[in-house]
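Trainee: Right, I'll just put the structure down here and ask away after.
Residue numbers (the numbering used here): 926 to 1307.
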């Protein structure tokens, strides 16, 4: 069976590669460079992006129908990526060349030799096609100041944005039939994340978002953050594609674990607060990170969105982290207010931010759903 799977993966990869070879710019529409928000330090920067032809995704409206949203999402997935094109990247007086892979993705890594402006957190990177300089874009890279209290690493689905990952029908509806203007945030998230970004000394604590969602939906997540007034930060996603090793790219566990490890290695002196939900494996991933990196994770907030059968697993994870996490606190919280209250008690955010968080929570909370109220009531009794 293993041999059959390996043969199938190899065949599928070869077919995909052959299709890619026929994707020539002159046969398609105009090319577009799609840069994703990058990250870095005073010594290095990293930015990812993609080169696509005939990109026809249109800006969403609140009045868009489910069918229009579905069609727009079809365009996101039915892409004409341009493989193996050369990219020129410009930062300050530096110029370097990079090459996109077979799926049109490119990654820019630069070692910095010039001093950065101390009052600037976001820095621009010029990007253009080496063989067609008229095709260009401007990427942005978050380079936090050296004097900050902590960094924040947050999941997105069912932590910031309501996705209902544990309920497939609702997940598909939220993902494909809604858009960045009609999807809903969890109550109070914007105010809480602004409080975390500010900290208690009025600084700029960086926020990074890690999701198992795929890059095709990147613009949806970024638009959502901007529309909802949630602090912007680099978003780390996954690629939906074939490789010789995997029928699909590595799973959500490996992806999130790898990204978080990279962020901790990139900022070796920086402690972190991790925020996720109980619907997937955030608690397991964050717990493993805390145990691997003693003293680096100050707090883990896990939003309780799962059904009762997950409760025993969550309690076991909490006990393990408390015993082996060496100072890391892990909390299973019912809502944003509970997390914010703990953050105030531990000195992570200012007490005077709580009224704004409470008010935002009130405004963001939709009218009660009778069925959901009964479910929560039954869970509380047990």
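We treat Cβ as the ideally placed atom computed from N, Cα and C, and that holds for glycine.
Straight-line CA distance for residue 1287 to residue 1085?
Mentor: Answer to the nearest angstrom: the Cα atoms are 16 Å apart.
Trainee: In three-state terms, what does DSSP make of residue 1093?
Mentor: helix
Trainee: I'd like the list of long-range same chain contacts for residue 981, defined as Cβ closer than 7 Å, with 5 residues on each side in sequence excluded.
Mentor: Excluding sequence positions up to five before and after residue 981, its CB lies within less than 7 Å of the CB of 1000, all in the same chain and listed in chain order.
Trainee: Which same chain residues, not among the five before or five after residue 951, have their C-beta less than 8 Å away from its C-beta?
Mentor: Residue confidence is low: residue 951 scores 48 on pLDDT, short of 50, so the model does not pin down where it sits. Its coordinate-derived value is still stated next. Contacts found: none.
Trainee: Go ahead and pull the three-state DSSP assignment for residue 1152.
Mentor: In the three-state scheme derived from DSSP, where H, G and I count as helix and E and B as strand, residue 1152 is classed as helix.
Trainee: Using the Cα positions of residue 1137 and residue 1149, report the straight-line distance between them to the nearest angstrom.
Mentor: 17 Å
Trainee: Is the Cβ-Cβ distance between residue 1224 and residue 1254 less than 9 Å?
Mentor: yes
Trainee: What beta strand (DSSP E) runs, 3 residues minimum, are completely inside the segment 1017-1066?
Mentor: Counting whole runs of 3 or more residues, the segment 1017-1066 contains the beta strand (DSSP E) stretches 1019-1024, 1030-1036, 1047-1054.
Trainee: Would you mind sorting residue 1044 into buried or exposed? The rule is 16 or more other CB atoms within 10 Å of its CB.
Mentor: exposed
Trainee: From what residue to what residue does the beta strand (DSSP E) around residue 1103 run?
Mentor: Taken as a continuous stretch (DSSP letters only), residue 1103 belongs to no beta strand (DSSP E), as it is neither H nor E.
Trainee: Can you have a look at residue 1069 and say buried or exposed, based on whether 16 or more other CB atoms are within 10 angstroms of its CB?
Mentor: buried
Trainee: Return the residue from the list 1258, 1092, 1251 that minimises the CA-CA distance to residue 1236.
Mentor: 1258
Trainee: What does a CB cutoff of less than 6 Å around residue 1145 pick up in its chain, not counting 5 residues either side in sequence?
Mentor: 1105
Trainee: Determine the contact status of residue 1216 and residue 1181, defining contact as a CB-CB distance below 9 Å.
Mentor: no
Trainee: Per the contact definition of three or more C-beta pairs closer than 8 Å, is the segment 962-974 in contact with the segment 988-1006?
Mentor: no
Trainee: DSSP three-state label for residue 972, please.
Mentor: strand
Trainee: Please tell me whether residue 1131 and residue 1077 are closer than 9 Å, where the distance is taken between their beta carbons.
Mentor: yes
Trainee: Here's the rule: buried if 16 or more other CB atoms are within 10 angstroms of the residue's CB, otherwise exposed. What is residue 1205?
Mentor: buried
Trainee: Could you round the C-beta distance between residue 1049 and residue 1038 to whole angstroms and report it? I think they count as a contact, below 8 Å.
Mentor: That belief does not hold up - the Cβ atoms of residue 1049 and residue 1038 are roughly 17 Å apart, past 8 Å.
Trainee: Determine the burial state of residue 1058: buried for a count of at least 16 other Cβ atoms within 10 Å of its Cβ, exposed for fewer.
Mentor: exposed
Trainee: Report yes or no: do three or more beta-carbon pairs, one from the segment 1263-1272 and one from the segment 1110-1127, lie closer than 8 Å?
Mentor: Contact holds: three or more Cβ-Cβ distances are below 8 Å.
Trainee: Going by the beta-carbon positions, is the gap between residue 1032 and residue 973 smaller than 9 Å?
Mentor: yes
Trainee: Taking the straight line between their C-alpha atoms, what separation do you get for residue 994 and residue 1249?
Mentor: 46 Å
Trainee: Reducing DSSP to helix, strand and coil, say where residue 1230 ends up.
Mentor: coil
Trainee: CB residue 1264 to CB residue 1226, shorter than 9 Å?
Mentor: Cβ atoms of residue 1264 and residue 1226: closer than 9 Å.
Trainee: Are the beta-carbon atoms belonging to residue 1200 and residue 1079 less than 9 Å from one another?
Mentor: Taking 9 Å as the Cβ cut-off, residue 1200 and residue 1079 qualify as a contacting pair.
Trainee: Once DSSP output is grouped into helix, strand and coil, what is the label at residue 1241?
Mentor: Three-state result, residue 1241: helix.
Trainee: Excluding the 5 residues preceding and the 5 following residue 985 in the sequence, name in chain order all residues of the same chain whose CB lies nearer than 6 Å to its CB.
Mentor: 1104, 1105, 1106
Trainee: Can you have a look at residue 929 and say buried or exposed, based on whether 16 or more other CB atoms are within 10 angstroms of its CB?
Mentor: Low local confidence applies: a pLDDT of 43 at residue 929 is under 50, so the model's placement there is unreliable, and no value is given.
Trainee: Determine, using beta carbons only, whether residue 975 and residue 1029 come nearer to each other than 9 Å.
Mentor: yes
Trainee: Do residue 1111 and residue 1135 count as a contact pair if the criterion is CB distance below 9 Å?
Mentor: no
Trainee: Measuring only the C-alpha atoms, how far is residue 1154 from residue 1262?
Mentor: 18 Å
Trainee: Answer yes or no: do residue 1010 and residue 1054 have a C-beta to C-beta separation smaller than 9 Å?
Mentor: Contact flag set, yes.
Trainee: Which stretch, first to last residue, makes up the beta strand (DSSP E) that contains residue 1255?
Mentor: 1254-1258
Trainee: Determine the direct distance from the alpha carbon of residue 1279 to that of residue 1116, and round the result to whole angstroms.
Mentor: 9 Å
Trainee: Since residue 1209 contacts residue 1242 with CB under 8 Å, what's their CB separation in whole angstroms?
Mentor: 6 Å
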